[in-house]
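Peer 1:
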Amino acid sequence: MPATASPAEAYFRNIFATIKSITTGMRITLRYMFSKTVTIHYPFEKLAFAPRYRGIHEFEADMCIACDMCAKACPVDCIYIDKSGARKIDKATGKVDTKGGDLLRYAIDYQKCMFCALCTEPCPTDCIHMGKNHDLSAYTREDMVVEFAELDGKGLRTPLPLWVERNAATIPWVAHEKKRIESGELATKDADITAM
Ligand code: SF4
Ligand code: SF4
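Take any residue in the sequence shown, count from 1 to its spot, add 277: that is its number in our numbering.
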């Protein structure tokens, strides 16, 4: 049987273990304290996204014929569409004929969306795109369902996140992003999957 340490030996062993542990911790801290940081102070600083980054969708309601092709392609069934009647593209304008049916609902549930872009592939009018915004926060689960047809009524093609509204006055790139969203300008179409 191993000999039991006396109280005095145990006391000094504990002190030694504590000093060794603190020394090891401080050595690691000092090693990383002066190295280059890999995180940034978002949103005050911002990383550039890859051109094909897939973020919150951008939707051109005036070109949507409510054909349901995107909803059928969605692997998690998170696109909800409703219309009052047949919608057709007016060849002269390239937009939906306003005399046709109304788009009553076009919504995407971002609690389920996995940003696969498969909804962009079958769209016959190329009106649903993968955008560049990634940070859509909300206070309720219901608010994570984005009603794109309602946004269109406000002249928006993608939601204006709360953090953009709150930081636009103090952060220049956020002000620029707010202006872009409010103008209805698309971020890019690079991340869409184009039909073969
Ligand atoms: S990106 Fe994918 S998961 Fe999200 S709505 Fe489109 S098809 Fe569905
Ligand atoms: S596939 Fe395109 S046109 Fe058809 S419902 Fe979806 S977004 Fe609208």
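Note that the Cβ used here is the ideal one computed from N, Cα and C, for glycine as well.
State yes or no: is the C-beta of Leu395 within less than 9 Å of the C-beta of Cys351?
Peer 2: Numbered from its first residue, the sequence shown carries residue 395 at position 118. Numbered from its first residue, the sequence shown carries residue 351 at position 74. Going by C-beta atoms, Leu395 is nearer than 9 Å to Cys351.
Peer 1: Between Glu337 and the rest of its own chain, which residues show a CB-CB distance below 7 Å, the 5 nearest in sequence each way excluded?
Peer 2: Locating residue 337 in the sequence shown gives position 60, where the first residue counts as 1. Excluding positions up to five away in sequence, the list reads Cys404 and Arg434.
Peer 1: Is it the case that the CB of Ala384 approaches a heavy atom of ligand 2 more closely than 8 Å?
Peer 2: Indexing the sequence shown from 1 puts residue 384 at position 107. No - ligand 2 has no heavy atom lying nearer than 8 Å to the Cβ of Ala384.
Peer 1: Does the beta-carbon of Leu395, which I'm using as the reference point, lie nearer than 8 Å to any heavy atom of ligand 1?
Peer 2: If you number the sequence shown from 1, residue 395 lands on position 118. True, at least one ligand heavy atom lies under 8 Å from that Cβ.
Peer 1: Could you tell me whether any non-hydrogen atom of ligand 1 is closer than 8 Å to the CB of Arg331?
Peer 2: Along the sequence shown, read from residue 1 onward, the residue named residue 331 stands at position 54. Arg331 Cβ: within cutoff of ligand 1.
Peer 1: Could you tell me if Val451 is buried or exposed, where buried requires 16 or more neighbouring beta carbons within 10 angstroms of its beta carbon?
Peer 2: In the sequence shown, the residue the question calls residue 451 occupies position 174. Burial call: buried.
Peer 1: Using three-state DSSP, classify Glu398 as helix, strand or coil.
Peer 2: Here residue 398 refers to the residue found at position 121 of the sequence shown. Residue state, collapsed to three classes: coil.
Peer 1: Spatial neighbours of Gly432 within its chain, please: CB distance less than 7 Å, with the 5 preceding and 5 following residues excluded, ordered by chain position.
Peer 2: Along the sequence shown, read from residue 1 onward, the residue named residue 432 stands at position 155. Contacts found: Gly461.
Peer 1: Just checking my contact of Glu419 with Arg382 at CB under 8 Å: how many whole Å lie between their CB atoms?
Peer 2: Along the sequence shown, read from residue 1 onward, the residue named residue 419 stands at position 142. Along the sequence shown, read from residue 1 onward, the residue named residue 382 stands at position 105. With 8 Å as the limit, Glu419 and Arg382 do not qualify as a contact, their Cβ atoms being about 14 Å apart.
Peer 1: Nearest to Leu428 by CA position, among Ala472, Pro328 and His334, is which residue?
Peer 2: Indexing the sequence shown from 1 puts residue 428 at position 151. Cα-wise, what sits closest to Leu428 is His334.
Peer 1: Determine the extent of the alpha helix (DSSP H) in which Ala287 is found, giving its start and end residues.
Peer 2: The count along the sequence shown starts at 1 and reaches residue 287 at position 10. Counting along the chain, the alpha helix (DSSP H) containing Ala287 begins and ends at Pro284 to Met310.
Peer 1: Taking Asn410 as the reference, which of Ala325, Lys349 and Cys344 has the closest Cα?
Peer 2: Walking along the sequence shown from the start, residue 410 turns up at place 133. Taking only the C-alpha atoms, the option nearest Asn410 is Ala325.
Peer 1: Three-state secondary structure (DSSP) at Asp412?
Peer 2: Walking along the sequence shown from the start, residue 412 turns up at place 135. The answer is coil: DSSP assigns Asp412 none of H, G, I, E or B.
Peer 1: Gly332 to Lys360, Cα distance in whole Å?
Peer 2: To locate residue 332, count along the sequence shown from 1; it is residue 55. To locate residue 360, count along the sequence shown from 1; it is residue 83. Spanning the two alpha carbons is a distance of roughly 26 Å.
Peer 1: Any contact between the segment 439-459 and the segment 311-323? By contact I mean 3 or more CB pairs, one from each, below 8 Å.
Peer 2: Touching, yes.
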